[in-house]
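*Asks:*
Chains as they are written, first to last, in this note's numbering: chain A, 1486 to 1767; chain B, 1486 to 1767.
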């Protein structure tokens, strides 16, 4: 029997719990402060039981920290203080640099593997947990060299059992990269939502917008601020660079529009089309 | 037998053709300058035959103009010059004001119904034509009062047969509204594509980005410049206003990020979340 404790039973923690509970010989203990989330986790059978952090950590073979990123640093230190020497501790935060720095000098640092499974939806909480959320997606592991070989092995196998392949990046590269492909996407969606809400309010124009490409582009604007404000804050410097670049291109569109320069509009779009190559399945 | 001529067999014209060809008593004639598109349209059985514009128009009961919006004005005038008096002419352009103005004084204006079925994908051309593209979506009709009642009725029934409900807007309101919910979405996607391509190039960071929310947010960046440069150009004034608002909110995000104002980030996102109410199925 493998004992897994998951701290924070939301979309990610809950979906990991669902996968693990479907496996033959795994016991899943949940640690969750929100009492209504506790109830949902038990009712949906995401976890075998809910427990206090210290109790849950002491006996666990694998501990997953899946709280919001502003809490991961503190929780991780507390977890590492109480693990058995052979345990593997994994976090699944969307930012990695501040987390790796925070636990750099912990005496049990070698049992920790910094992870980021690139998966999610715009929904949140244990009710949003679903099977196959991770299937075919990628997991990023940072600072592999600071973790014991067997701990990395355990982390890789865990995500492999969800259908994920693991890749290795430095925390700095991870955060820079994610600023562009994930965090900026969220800001562009949130901003689109704000802009359209403004005009809809002014115009008293009620229409079901879901008919247009809008619903796809604005999907991430439904994401939970409690999750995303800390992520953006923890990666602020990289995101500000990405935003500068993004705003620069918006001004290029605006200039082309206001001078009726259709050739330039065409050129900007043609260049953007190259994103097709990046999005190709690898 | 109802004779329908469709001018421009791309994603929209081709998908309309597919729906019509599935109906019991309809003959579909295609008008298409691109010879490889002609071939695909015939091979995929989207149309019964390909014909010259004048021939196709003269005998048709319904004529659909589904070329790119920069060509619709000219094509529409030519079509209206050759229709039989009882024919109904429909366009499906994504901008409406310049089109309605261009044909305002045509002696056959009353046989024209300005339409915009709110449906599409990021793909284009007759190979992208699919069944059920329009199912459950909305069609906008502009300047209903300038069209004969029976012509409006024909247009409504046509789109109803595809599973669409029709709504009425002035061309001005249509273009203003669409600037926000469709055209701005496209620019935000194209810009996201450009920004990410830049950083990927600098970083030599090759990763399958499709794992993140990125693929949804950037989907529209794959759209065809030949289609979209004219749309943006024809609605430039409205889109520039939308862009100003959008850029204003981006700067608010940037200020909150650079001052580590997590409360403000939270507030901006919480406000954006209200888009959920608008996206609810009506």
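Beta carbons are placed, not taken as given, at the ideal position from N, Cα and C, and that holds for glycine. The model shown is predicted, which means the values in this text are computed figures rather than measured ones.
#1: Is there a Cβ of chain B sitting closer than 8 Å to that of residue 1501 (chain A), yes or no?
#2: One question on the structure: do residue 1741 (chain B) and residue 1753 (chain B) come within less than 8 Å of each other, judged by their Cβ atoms?
#3: Throw me the rounded Cβ distance for the residue 1620 (chain B) and residue 1647 (chain B) pair, which I believe falls under 8 Å.
#4: Is there at least one Cβ from chain A nearer than 8 Å to residue 1666 (chain B)'s Cβ?
#5: Does residue 1620 (chain B) have its Cβ less than 8 Å from a Cβ in chain A?
#6: When DSSP labels each residue in this structure, what does residue 1606 (chain B) get in the three-state scheme?
#7: Find the residues of chain B that neighbour residue 1616 (chain A), judging by a C-beta separation of less than 8 Å, and give them in chain order.
#8: Indicate, with yes or no, if the ligand GDP has a heavy atom lying under 7 Å from the CB of residue 1719 (chain B).
#9: So the alpha helix (DSSP H) residue 1629 (chain A) belongs to, where does it begin and stop?
#10: Could you list the residues in the region 1559-1580 of chain A with a C-beta less than 8 Å from some C-beta on chain B, going in chain order?
#11: List the residues of chain A whose Cβ lies closer than 8 Å to the Cβ of residue 1715 (chain B), in chain order.
#12: Is the Cβ of residue 1552 (chain B) closer than 8 Å to any Cβ of chain A?
#13: Where do the N-terminal and C-terminal ends of the alpha helix (DSSP H) with residue 1499 (chain A) fall, by residue?
#14: Taking CB distances under 8 Å as the criterion, tell me whether residue 1595 (chain A) reaches chain E.
#15: Look at residue 1670 (chain B) and residue 1699 (chain A) and say whether their C-beta atoms are less than 8 Å apart.
#16: So, at 6 Å on beta carbons, what are the nonlocal neighbours of residue 1704 (chain B) in its own chain, with the 5 sequence-adjacent residues on each side left out?
#17: Looking at C-alpha atoms only, which residue of A:1536, A:1579, A:1578 and A:1634 is the closest neighbour of residue 1571 (chain A)?
#18: Where residue 1595 (chain B) and residue 1708 (chain A) are concerned, what is the direct C-alpha to C-alpha distance, given to the nearest angstrom?
#19: Between the region 1718-1730 of chain B and chain A, which residues of the former have CB atoms less than 7 Å from a CB of the latter, in chain order?
#20: Specify whether the region 1517-1528 of chain B and the region 1625-1642 of chain B touch according to this definition: at least 3 beta carbon pairs, one from each stretch, less than 8 Å apart.
#21: Would you kindly check if the distance between the Cβ of residue 1730 (chain A) and the Cβ of residue 1566 (chain B) is under 8 Å?
#22: Leaving out five residues on either side along the sequence, give the residues of the same chain with a beta carbon under 7 Å from the beta carbon of residue 1568 (chain A).
#23: Anything in chain A within Cβ reach of residue 1699 (chain B), meaning under 8 Å, just list it in chain order.
#24: CA-CA distance, residue 1767 (chain A) and residue 1724 (chain A)?
#25: Can you list, in chain order, the residues of its chain with a C-beta nearer than 7 Å to that of residue 1591 (chain A)? Leave out the 5 residues immediately preceding and following it.
#26: So, does the CB of residue 1529 (chain A) fall closer than 8 Å to a CB anywhere in chain B?
#27: Would you list, in chain order, the members of the region 1495-1525 of chain B that have their beta-carbon closer than 9 Å to a beta-carbon of chain A?
#28: Where does residue 1653 (chain B) land, buried or exposed, given buried means 16+ other C-beta within 10 angstroms?
#29: Going along chain B, which residues have a C-beta under 7 Å from residue 1657 (chain A)?
#30: Taking the Cβ atom as the reference point for each residue, do residue 1721 (chain B) and residue 1757 (chain A) lie within a distance shorter than 8 Å?
#31: For residue 1615 (chain B), which three-state DSSP category applies?
#32: My assumption, with CB atoms under 8 Å, is that residue 1528 (chain A) sits in contact with residue 1512 (chain A). Please give the rounded CB distance.
#33: For chain A, find out if any of its Cβ atoms is closer than 8 Å to the Cβ of residue 1761 (chain B); answer yes or no.
#34: Candidates A:1551, A:1523 and A:1616: which alpha carbon is nearest residue 1508 (chain A)'s?
#35: Anything in chain B within Cβ reach of residue 1739 (chain A), meaning under 7 Å, just list it in chain order.
#36: Which residues in chain B have a C-beta closer than 9 Å to the C-beta of residue 1758 (chain A)? List them in chain order.
*Replies:* In brief:
#1: Not one chain B Cβ lies under 8 Å of residue 1501 (chain A).
#2: Less than 8 Å divides the Cβ of residue 1741 (chain B) from the Cβ of residue 1753 (chain B).
#3: That pair is a contact at about 7 Å.
#4: Closer than 8 Å to some Cβ of chain A, the Cβ of residue 1666 (chain B) qualifies, so yes.
#5: Answer no: the Cβ-Cβ gap between residue 1620 (chain B) and chain A never drops below 8 Å.
#6: Here DSSP, grouped into helix, strand and coil, assigns residue 1606 (chain B) to coil.
#7: Those do not exist, as residue 1616 (chain A) stays about 17 Å from chain B at its closest Cβ, beyond 8 Å.
#8: Of the ligands one can find in the structure shown there are none, so the ligand GDP has no counterpart to examine.
#9: That residue, residue 1629 (chain A), is in no alpha helix (DSSP H); it is neither H nor E in DSSP.
#10: Residues: none.
#11: At a C-beta separation below 8 Å, residue 1715 (chain B) has these neighbours in chain A: 1747.
#12: Residue 1552 (chain B) does not count as touching chain A.
#13: Boundaries of the alpha helix (DSSP H) harbouring residue 1499 (chain A): 1496-1506, taken from the DSSP string.
#14: The structure shown contains no chain E; its protein chains are A and B.
#15: Yes, the Cβ-Cβ distance between residue 1670 (chain B) and residue 1699 (chain A) is below 8 Å.
#16: 1607.
#17: Ranking the options by Cα distance to residue 1571 (chain A), first place goes to A:1634.
#18: Inter-residue distance for residue 1595 (chain B) and residue 1708 (chain A) is about 47 Å (C-alpha atoms, whole angstroms).
#19: Hits within the stretch, in order: 1718, 1721, 1724, 1725, 1727, 1728 and 1730.
#20: They do not touch, by the three-pair rule.
#21: The answer is no: Cβ separation not under 8 Å.
#22: Result list for residue 1568 (chain A): 1542, 1548, 1574, 1593 and 1596, in chain order.
#23: Simply 1666, 1667 and 1670.
#24: Any reading at residue 1767 (chain A) must be qualified, since the residue scores a pLDDT of 45, below 50, and its modelled position is unreliable; the value itself is stated next. When rounded, the distance between both Cα atoms is 26 Å.
#25: Taken in chain order, the residues that qualify are 1562 and 1565.
#26: Taking Cβ atoms only, chain B never reaches closer than 8 Å to residue 1529 (chain A), which makes this a no.
#27: Legend: CB atoms of the region 1495-1525 of chain B lying less than 9 Å from CB atoms of chain A are not found in any residue.
#28: By the Cβ neighbour-count rule, residue 1653 (chain B) is exposed, with fewer than 16 other Cβ atoms within 10 Å of its own.
#29: Neighbours of residue 1657 (chain A) in chain B, taken as residues whose beta carbon is under 7 Å from its own, are absent, since the nearest beta carbon is some 11 Å off.
#30: Cβ atoms of residue 1721 (chain B) and residue 1757 (chain A): not closer than 8 Å.
#31: In the three-state reduction of the DSSP assignment, residue 1615 (chain B) falls in the coil class, being assigned neither a helical nor a strand state.
#32: Not quite, the Cβ-Cβ distance comes to about 18 Å (not below 8 Å), so this is no contact.
#33: Yes, residue 1761 (chain B) counts as interfacial toward chain A.
#34: When A:1551, A:1523 and A:1616 are compared, the shortest CA-CA separation from residue 1508 (chain A) is found for A:1616.
#35: In chain order, 1725 and 1728 make up the part of chain B whose C-beta sits under 7 Å from the C-beta of residue 1739 (chain A).
#36: The contacting residues are 1675, 1678, 1706, 1707, 1708, 1709 and 1710.
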